[in-house]
Structures are given as C-alpha cells and as structure tokens.
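Each position in the sequence shown, counted from 1, maps to that position plus 2 in the working numbering.
Reviewing the structure listed below.
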Amino acid sequence: MIEFKAIGIIHTPFIRSEGTPIQPRYADGACGTVELFAEYEAGLKDLDGFSHIFLLYHFHRSQGFNLELVPFMDTQSRGVFATRAPKRPNAIGLSLVALERIEGRVLHIQNVDILDGTPLLDIKPYVPEFDSCAGVRVGWFEKARKTVMTRRSDDRFT
Ligand SMILES: C[S@@+](CC[C@H](N)C(=O)[O-])C[C@H]1O[C@@H](n2cnc3c(N)ncnc32)[C@H](O)[C@@H]1O
Numbered sequence: 003m004i005e006f007k008a009i010g011i012i013h014t015p016f017i018r019s020e021g022t023p024i025q026p027r028y029a030d031g032a033c034g035t036v037e038l039f040a041e042y043e044a045g046l047k048d049l050d051g052f053s054h055i056f057l058l059y060h061f062h063r064s065q066g067f068n069l070e071l072v073p074f075m076d077t078q079s080r081g082v083f084a085t086r087a088p089k090r091p092n093a094i095g096l097s098l099v100a101l102e103r104i105e106g107r108v109l110h111i112q113n114v115d116i117l118d119g120t121p122l123l124d125i126k127p128y129v130p131e132f133d134s135c136a137g138v139r140v141g142w143f144e145k146a147r148k149t150v151m152t153r154r155s156d157d158r159f160t
C-alpha cells in the first residue's frame with residue numbers, strides 16, 4: 003500500500019469532461035492555476051526559471067478501470083497502458099503545461115487538459131535534454147495524428 007497526499011489543487015475552467023481538451027498540446031489558450039498548499043511553498047524556489055512544467059495529479063473524478071478499452075481516438079480495443087485514459091489502475095494524470103508566472107504559492111499555467119478541483123501530487127520542470135526523444139514510434143496513435151488537434155473530451159471519458 004502506498005499513500006500519497008495532495009500538495010495542492012489545480013483550478014481550471016473545466017468543470018466536466020465534455021469540451022475539455024484531451025491533451026495540453028491541443029489546449030491552446032486554456033488557462034488555469036495551481037494553488038500549492040502553504041506548507042510546500044518553499045519548494046517553488048527557482049521554478050520560475052522554467053517555461054514548462056509537468057503536473058502529476060490524481061484523476062479524482064475517474065471511477066474504476068478496464069485493462070482493455072477503446073481509446074477516445076480509436077475504434078479498436080487497446081491495453082490501458084498503451085493509452086492516456088483517465089480510468090487506470092492508479093488514476094494518475096501527467097500534463098506538460100506552460101508556466102506563465104508564479105505569485106506566492108499560486109502558479110499561473112496555460113494549456114490545461116485537467117478538470118477543476120483536481121488534487122495535485124507533484125510538479126517537475128520540463129527539461130528537453132531529459133524529456134525529449136528522437137526516433138519516436140507512436141503505435142496505434144499514428145493513424146489518429148491528423149485528427150487529434152480538433153478533438154475535445156466528452157463524458158464517456160472519465
Ligand atoms: C486523455 S486525459 C490526458 C490527461 C493527461 N495529459 C495524461 O496524459 O495523463 C485528458 C482528459 O482527462 C479527463 N480529466 C481531466 N482531469 C480529470 C480528473 N481530475 N478526473 C477525471 N478525469 C479527468 C478530461 O476528460 C480530459 O479531457
């Protein structure tokens with residue numbers, strides 16, 4: 003058994019899945035804030051030097067999971083670990099968002115695909131040298147590449 007404690011709350015304009023962007027890359031202009039709890043504020047030192055950050059969070063509105071599912075962008079069943087579906091054995095989300103500015107313990111972020119009130123588990127800086135890969139294969143997602151930019155979530159998703 004592993005227990006995590008939320009370190010803050012993510013605030014966004016998205017109160018339900020319908021219409022919520024499905025990934026930060028396709029969430030242009032979607033702004034939000036991360037409110038870090040006061041006891042963790044000292045951990046924000048030097049984060050303002052980074053333009054992008056990873057948010058790790060709990061998909062708190064997801065219920066249950068299936069080890070195989072038809073992903074939102076596909077018509078065939080896939081293994082959950084080959085998808086970004088919110089319904090997963092450990093309901094952990096990962097979003098790479100733009101960090102606009104930090105005011106005290108509030109982070110102003112852009113390009114959010116996260117529902118309002120989501121509990122934050124961690125923040126990590128994006129560093130291209132660590133996080134960007136060459137020669138990438140994207141499996142079943144290859145055929146969805148052309149249409150993904152225009153898609154938005156719906157209530158089936160959570
Ligand atoms: C495909 S998931 C991708 C999330 C993240 N970028 C990832 O890859 O882990 C994005 C969708 O998750 C759903 N979602 C976001 N926050 C959630 C939450 N707190 N609980 C349940 N579902 C959530 C919304 O429907 C959103 O459109």
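Each residue gets a CB set at the ideal place from its N, CA and C atoms; glycine is no exception.
Pull up the distance between the alpha-carbon of residue i and that of residue j, whole angstroms please.
i: Pro26; j: Asp115; result: 5 Å
i: His54; j: Thr35; result: 14 Å
i: Arg147; j: Met3; result: 38 Å
i: Arg90; j: Gly106; result: 34 Å
i: Val138; j: His110; result: 31 Å
i: Asn68; j: His60; result: 17 Å
i: Gln112; j: Ser97; result: 11 Å
i: Asn92; j: Val99; result: 21 Å
i: Ala44; j: Ile24; result: 32 Å
i: Glu5; j: Lys126; result: 19 Å
i: Asp48; j: Val129; result: 14 Å
i: Ala32; j: Thr22; result: 9 Å
i: Gly81; j: Glu144; result: 16 Å
i: His62; j: Asp124; result: 15 Å
i: Pro15; j: Arg103; result: 18 Å
Please list, in chain order, all residues of the same chain as residue i whose beta carbon is under 7 Å from its beta carbon, the five residues on each side excluded.
i: Ala87; result: Leu71, Pro73
i: His13; result: Gly34, Thr35, Glu37, Asp118
For the alpha helix (DSSP H) holding residue i, just list the boundary residues, first then last.
i: Pro130; result: 130 to 133
On the DSSP letters alone, give me the boundaries of the beta strand (DSSP E) that residue i sits inside.
i: Asp50; result: Where Asp50 is concerned, there is no enclosing beta strand (DSSP E), given that its DSSP letter is neither H nor E.
i: Glu102; result: 94 to 105
i: Ile111; result: 108 to 112
i: Gly34; result: 33 to 38
i: Pro127; result: 120 to 127
i: Ile12; result: 10 to 13
With a cut-off of 8 Å on the beta carbons, I'd call residue i and residue j a contact; round off their distance for me.
i: Ser19; j: Ser155; result: 5 Å
i: Phe56; j: Leu101; result: Actually they are not in contact, since the Cβ atoms of Phe56 and Leu101 sit about 10 Å apart, beyond 8 Å.
i: Asp76; j: Trp142; result: 6 Å
i: Ile94; j: Leu58; result: 6 Å
Compute every distance between the C-beta of residue i and the non-hydrogen atoms of ligand 2, then say whether any falls below 6 Å.
i: His62; result: As presented, the structure is devoid of ligand 2, carrying ligand 1 as its sole ligands.
Take residue i and list the residues in its own chain whose beta-carbon comes closer than 8 Å to its own, dropping the five residues that flank it on each side.
i: Thr85; result: Leu71, Pro73
i: Tyr42; result: Ile9, Gly10, Arg107
Give me, in chain order, the residues of the same chain whose beta-carbon lies closer than 6 Å to that of residue i; leave out the 5 immediate sequence neighbours on both sides.
i: Phe83; result: none
i: Gly10; result: Val36, Glu37, Leu38, Phe39, Leu122
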